[in-house]
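The structure under discussion appears below in the form of structure tokens.
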Amino acid sequence: MQQDLQPHPLAKPIRRLTIAAWVIAAVLLLNTLAPYAVMLFPQLYVSQAKEIEESLNKTLGKEEFSVDAKALSEKQKFNTIPGNQFHAMPLDEKIIHASAIALTRIEKTSDGKQRQVIQEFLKKAPGVTIYNEVGSEFQSRYVGNDEMDYGDGAIVFFLGSPARAISWSYFSGDRVDSLERIPLSLLREKCKAAQGAPNSAVQ
Numbered sequence: 019m020q021q022d023l024q025p026h027p028l029a030k031p032i033r034r035l036t037i038a039a040w041v042i043a044a045v046l047l048l049n050t051l052a053p054y055a056v057m058l059f060p061q062l063y064v065s066q067a068k069e070i071e072e073s074l075n076k077t078l079g080k081e082e083f084s085v086d087a088k089a090l091s092e093k094q095k096f097n098t099i100p101g102n103q104f105h106a107m108p109l110d111e112k113i114i115h116a117s118a119i120a121l122t123r124i125e126k127t128s129d130g131k132q133r134q135v136i137q138e139f140l141k142k143a144p145g146v147t148i149y150n151e152v153g154s155e156f157q158s159r160y161v162g163n164d165e166m167d168y169g170d171g172a173i174v175f176f177l178g179s180p181a182r183a184i185s186w187s188y189f190s191g192d193r194v195d196s197l198e199r200i201p202l203s204l205l206r207e208k209c210k211a212a213q214g215a216p217n218s219a220v221q
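Numbering (our numbering), first residue to last: 19 to 221.
What follows is the structure, given as structure tokens:
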């Protein structure tokens, strides 16, 4: 009498584990060999990359996927420099590196407090984004928070785009003592030379 042999109850789980182990080994092997394949067959790699890029361009639209070189150059143009490095610069270099330079006037409010209002932009580089405008109040940590006399106004230097105020120097009369005692008229000329013409309003 012949007896049928029954498969061991662990046979199927062992077979599944064996297959999974082979799959993992194959994946690890591919990951290990992939960099060498790129070095040995660079043209194939570049060709595949171009095909993927073309496919994405068709799917997403070329204008959306491609890099806008002009926008990138504008962003790089206004890359900001460290504040401590800017403060250590001579005035002429500050004027060159600033993306905008504003002149503010200090006014008395009806309740006797002080506030700064932007009167004009001595410099505003083409293409720079700035959220302050002529006639708007310039907020500072000093003016408006105490009763100290800060003079007639301030020269405010902005860096980067969007522009952020990095330094301001208060003045009285027609000279800015903390900026090498430069007369305001000469400062305007220097800003004009650095830009081409001063901006009396935000474009």
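No residue lacks a Cβ here, since even glycine has one placed at the ideal position from N, Cα and C.
As the structure is a prediction and not an experimental result, all values here were calculated from the model.
Pick from I124, S117, G130 and F139: whose alpha carbon is nearest that of G145?
Looking at the Cα atoms, S117 is the closest of the given residues.
Does the beta-carbon distance from I226 to A120 come in below 9 Å?
Given that the chain is displayed from residue 19 to residue 221, the structure contains no residue 226 and the question cannot be resolved.
Looking only at its own chain, which residues have a Cβ that is under 8 Å from the Cβ of R199, when we skip the five neighbours before and after it?
R193, listed in sequence order.
Nearest by alpha-carbon distance to D9: which of G130, E138 and E155 is it?
Given that the chain is displayed from residue 19 to residue 221, the structure contains no residue 9 and the question cannot be resolved.
DSSP three-state call for K80: helix, strand or coil?
In this predicted model, K80 has a pLDDT of only 48, less than 50, meaning its place in the structure is not dependable; the value taken from the coordinates is given anyway. K80: helix per DSSP, three-state reduction.
Evaluate Y149 with the Cβ neighbour count: other Cβ atoms within 10 Å of its Cβ, from every protein chain shown; 16 or more gives buried, anything less gives exposed.
Y149 comes out exposed.
Give the range of the alpha helix (DSSP H) segment to which Q213 is assigned.
Looking at the DSSP string, the run of the alpha helix (DSSP H) that includes Q213 is L202 to Q213.
By a C-beta neighbour count over all protein chains shown, 10 Å radius and 16 as the cutoff for buried, is T122 buried or exposed?
By the neighbour-count rule (16 or more Cβ atoms within 10 Å), T122 is buried.
So the candidates are P180, E165, G191 and K30; which of them puts its Cα closest to the Cα of I173?
Residue G191 is the option with its Cα nearest to I173.
Classify E151 as helix, strand or coil using the three-state DSSP reduction.
Three-state DSSP puts E151 in coil, outside helix and strand.
Hey, which unbroken runs of the beta strand (DSSP E) at 3 residues or more fall wholly within the segment 102-133?
Counting whole runs of 3 or more residues, the segment 102-133 contains the beta strand (DSSP E) stretches 118-126.
Between the alpha carbons of L48 and A39, how many angstroms are there, rounded?
Each residue's alpha carbon lies about 14 Å from the other.
What is the rounded straight-line gap between the Cα of A143 and the Cα of Q213?
C-alpha separation (whole angstroms): 7 Å.
Would you please verify whether the beta carbon of H105 is less than 9 Å from any beta carbon of chain D?
No chain D appears in the structure shown, which is made up of a single protein chain.
Rank L177, F189, L204 and S203 by C-alpha distance to the C-alpha of G101 and give the top, closest one.
Ranking L177, F189, L204 and S203 by Cα distance to G101 puts L177 first.
Can you name, in chain order, every residue of its own chain whose Cβ lies under 6 Å from the Cβ of A183, other than the five neighbours on each side?
For A183, where only same-chain residues beyond five positions count, the Cβ hits under 6 Å are V174 and F176.
Which residue from A181, P180, E165 and S187 puts its Cα closest to that of G171?
Comparing Cα-Cα distances from G171 to each of A181, P180, E165 and S187, the minimum goes to S187.
L109 and R206 - do their beta-carbons sit closer together than 9 Å?
Contact: no.
Compare the Cα-Cα distances from S158 to each of R133, V152, G169 and R34 and report the closest residue.
For S158, the nearest C-alpha among the options comes from R133.
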